[in-house]
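Participant: Take a look at the following structure, please.
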Amino acid sequence: MPTRPRLLYVTDLAYQAQGRRYCDEDIFLSSQLRADFDIALCHPLDAVALMDRFDAVVVRNSGPVLHYQAEYDIFRDQAVAQGTRVYNPLTGRADMAGKRYLLDLTEAGYPVIPTIDRLQDLDRLPETDQYVVKPKAGADSIGLGFVSRDRLEGLVHGDILVQPRIEFRYEVSFYYIDDAFQYALHAPDPARRWELEPYDPTEADLVFARRFIDWNTLDHGIQRVDACRTREGGLLLVELEDLNPYLSLGLLPDRSRDSFVTNMTASLHRFLDTVPRT
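Taking the numbering used here, the leading residue of the sequence shown gets 1049, the next gets one more, and so forth.
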């Protein structure tokens, strides 16, 4: 009997998130992947001690690394040093590396909420009554706040990002496996951003989202492109999540959820077949 690939599935089943139960998603997804792989679930703080016993490490709903930054840095360093295969690969240029990419995308002219990290660049932002400030190392809205212009002086330094507060119609997320679009969800009420519903994207929507998938150059893995629909009708990037994006699989019809599992399974097989373990 051929040996099945062994996956270490990293998740924090006890993590509490507003309006969502991360553990339900990982219990479901790991149970489905068992059809093709031998799987063990572990907490992110246990990954370093266990990962050399597996063919690959799959990072899923492991919570914001801000809560265990030192341990996460050790995990990354050891995974690179040992040639451990990590899915998503650790070469992501977006949230996986902090929110510096928002500055890079702004500078490059991408359709992103304009972002600066220096007060002397404030004139690059559209005039507004309020600004959004958030840490470059933030996640899950940790450290996010809204301030007036006169309060920026004491807040802005190298670790803080500043954006105009955008009035938008709704938020929408596009979910990808490798470079293939899977489904989209949106929050019709901006005040209830975690109450998501299925969304039928237009061709223009998918062209928008695909620009960021192409920019990130990840050959394997799961990504979520979060955007907002402005009052004028366009889309602006809010976040490109390439570390451990929550998938909201429980909101999908059975057919869409099954398709996602099938496509993720195929992606993992391709990953194991094409990425050498050194």
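Using N, Cα and C, we set each Cβ at its ideal position, and we do this for glycine too.
Rounded to whole angstroms, what's the CA-CA distance from V1255 to D1227? Just pull it up for me.
Facilitator: The residue labelled residue 1255 in the question sits at position 207 within the sequence shown. The residue labelled residue 1227 in the question sits at position 179 within the sequence shown. Near 12 Å, if we compare the C-alpha coordinates of D1227 and V1255.
Participant: Could you round the C-beta distance between I1261 and Y1224 to whole angstroms and report it? I think they count as a contact, below 8 Å.
Facilitator: Within the sequence shown, residue 1261 is the residue found at index 213, counting from 1. Within the sequence shown, residue 1224 is the residue found at index 176, counting from 1. Confirmed, Cβ separation roughly 5 Å.
Participant: Do R1052 and D1086 have their beta-carbon atoms positioned less than 9 Å apart in this structure?
Facilitator: Translated into the one-based positions of the sequence shown, residue 1086 becomes position 38. Translated into the one-based positions of the sequence shown, residue 1052 becomes position 4. Cβ distance < 9 Å, so D1086 and R1052 count as in contact.
Participant: Assuming I1261 is part of the alpha helix (DSSP H), what are its boundary residues?
Facilitator: For the purposes of this step, residue 1261 is taken as the residue at position 213 of the sequence shown. Note, I1261: alpha helix (DSSP H), E1251 to N1264.
Participant: Counting C-beta neighbours from all protein chains within 10 Å, is the total for G1281 16 or more, i.e. buried, or is it exposed?
Facilitator: Counting from one through the sequence shown, the residue named residue 1281 turns up at place 233. Exposed, because fewer than 16 other Cβ atoms sit within 10 Å of the Cβ of G1281.
Participant: Quick one: using the 10 Å Cβ neighbour count with 16 as the cut-off for buried, is H1268 buried or exposed?
Facilitator: Within the sequence shown, the letter at position 220 stands for residue 1268. Looking at its Cβ environment, which holds 16 or more other Cβ atoms inside 10 Å, H1268 is buried.
Participant: What is the rounded straight-line gap between the Cα of R1217 and the Cα of R1305?
Facilitator: Along the sequence shown, one-based indexing puts residue 1217 at 169. Along the sequence shown, one-based indexing puts residue 1305 at 257. When rounded, the distance between both Cα atoms is 27 Å.
Participant: Report the start-end ranges of each beta strand (DSSP E) in the segment 1113-1187 that is 3 residues or longer and not cut off at the edges.
Facilitator: With a minimum length of 3 residues, the continuous beta strand (DSSP E) runs that stay inside the segment 1113-1187 are 1179-1183.
Participant: Between which two residues does the beta strand (DSSP E) harbouring T1278 extend?
Facilitator: Taking the sequence shown and counting its residues from 1, the one referred to as residue 1278 is at position 230. Here the beta strand (DSSP E) through T1278 covers I1270 to T1278.
Participant: Could you pull the start and end residues of the beta strand (DSSP E) that D1086 belongs to?
Facilitator: For the purposes of this step, residue 1086 is taken as residue 38 along the sequence shown, with counting starting at 1. Here the beta strand (DSSP E) through D1086 covers D1086 to C1090.
Participant: In chain order, what residues of the same chain lie with their CB nearer than 7 Å to the CB of F1076, ignoring the 5 residues before and after it?
Facilitator: Taking the first residue of the sequence shown as position 1, residue 1076 is located at position 28. The residues are L1297.
Participant: Could you spell out the range, first to last residue, of the alpha helix (DSSP H) harbouring V1323?
Facilitator: The residue given as residue 1323 occupies position 275 in the sequence shown. No alpha helix (DSSP H) holds V1323; DSSP gives it neither H nor E.
Participant: In three-state terms, what does DSSP make of S1307?
Facilitator: Position 259 of the sequence shown holds residue 1307. Helix.
Participant: What is the DSSP secondary structure of S1315, reduced to helix, strand or coil?
Facilitator: Translated into positions along the sequence shown, residue 1315 becomes position 267. DSSP places S1315 in helix when its eight states are reduced to three.
Participant: Determine which residues share a DSSP beta bridge with L1223 and list them.
Facilitator: Working through the sequence shown from its first residue, we reach residue 1223 at position 175. The amino acid occupying residue 1223 in the given sequence is Tyr; Leu does not appear at that position. Answer is Y1231 and R1272, bridged to Y1223.
Participant: Over the uninterrupted beta strand (DSSP E) stretch that includes L1284, give me the two end residues.
Facilitator: The residue given as residue 1284 occupies position 236 in the sequence shown. L1284 -> beta strand (DSSP E) spans L1283 to E1289.
Participant: Under 8 Å by Cβ, that's how I've got V1181 and I1208 pegged, so tell me the actual separation to the nearest angstrom.
Facilitator: Numbered from its first residue, the sequence shown carries residue 1181 at position 133. Numbered from its first residue, the sequence shown carries residue 1208 at position 160. About 6 Å separates the two Cβ atoms, so the contact holds.
Participant: When the Cα atoms are used, what is the spatial distance from F1194 to H1115?
Facilitator: Taking the first residue of the sequence shown as 1, we reach residue 1194 at position 146. Taking the first residue of the sequence shown as 1, we reach residue 1115 at position 67. If I take the Cα positions, the gap works out to 22 Å.
Participant: At what residues does the beta strand (DSSP E) containing A1104 begin and finish?
Facilitator: The residue labelled residue 1104 in the question sits at position 56 within the sequence shown. It spans A1104 to V1107 - the beta strand (DSSP E) in which A1104 sits, taken as one unbroken run.
Participant: Hey, how far is the Cα of A1142 from the Cα of N1264?
Facilitator: The residue you call residue 1142 lines up with position 94 of the sequence shown. The residue you call residue 1264 lines up with position 216 of the sequence shown. About 7 Å.
Participant: So L1200 and Y1179 are supposed to be a Cβ contact under 8 Å. How far apart are they, rounded?
Facilitator: In the sequence shown, counting from the first residue as 1, residue 1200 sits at position 152. In the sequence shown, counting from the first residue as 1, residue 1179 sits at position 131. 6 Å between Cβ atoms; contact.
Participant: Mapping the DSSP letters down to three states, classify L1200 as helix, strand or coil.
Facilitator: Counting from one through the sequence shown, the residue named residue 1200 turns up at place 152. Correct three-state label for L1200: coil.
Participant: Quick one: measure Cβ to Cβ for A1145 and V1134, integer angstroms, because I've assumed they're closer than 8 Å.
Facilitator: Your numbering for residue 1145 matches position 97 in the sequence shown. Your numbering for residue 1134 matches position 86 in the sequence shown. At roughly 14 Å, the Cβ-Cβ gap does not stay under 8 Å, so A1145 and V1134 are not in contact.
Participant: Grouping DSSP H, G and I as helix and E and B as strand, with all else coil, what is L1077?
Facilitator: For the purposes of this step, residue 1077 is taken as residue 29 along the sequence shown, with counting starting at 1. Helix at L1077.
Participant: Would you report the Cα separation of P1174 and N1136, rounded to the nearest angstrom?
Facilitator: Numbered from 1 along the sequence shown, position 126 holds the residue referred to as residue 1174. Numbered from 1 along the sequence shown, position 88 holds the residue referred to as residue 1136. Approximately 35 Å between the Cα atoms of the pair.
Participant: Restricting to Cα atoms, I'd like to know which of R1197, F1102 and R1258 is closest to Q1168.
Facilitator: Along the sequence shown, one-based indexing puts residue 1168 at 120. The shortest Cα separation from Q1168 among R1197, F1102 and R1258 belongs to R1197.
Participant: Take S1315 as the anchor and find which of R1279, L1266 and L1300 has the nearest alpha-carbon.
Facilitator: If you number the sequence shown from 1, residue 1315 lands on position 267. The candidate whose alpha carbon is nearest that of S1315 is L1266.
Participant: How would you call S1079, buried or exposed, if buried means at least 16 neighbouring beta carbons within 10 angstroms?
Facilitator: As a working mapping, residue 1079 is identified with position 31 in the sequence shown. Exposed, because fewer than 16 other Cβ atoms sit within 10 Å of the Cβ of S1079.
Participant: Could you please give me the residues that DSSP links to L1055 through a beta bridge?
Facilitator: The residue given as residue 1055 occupies position 7 in the sequence shown. Paired residue(s): I1087 and A1104.
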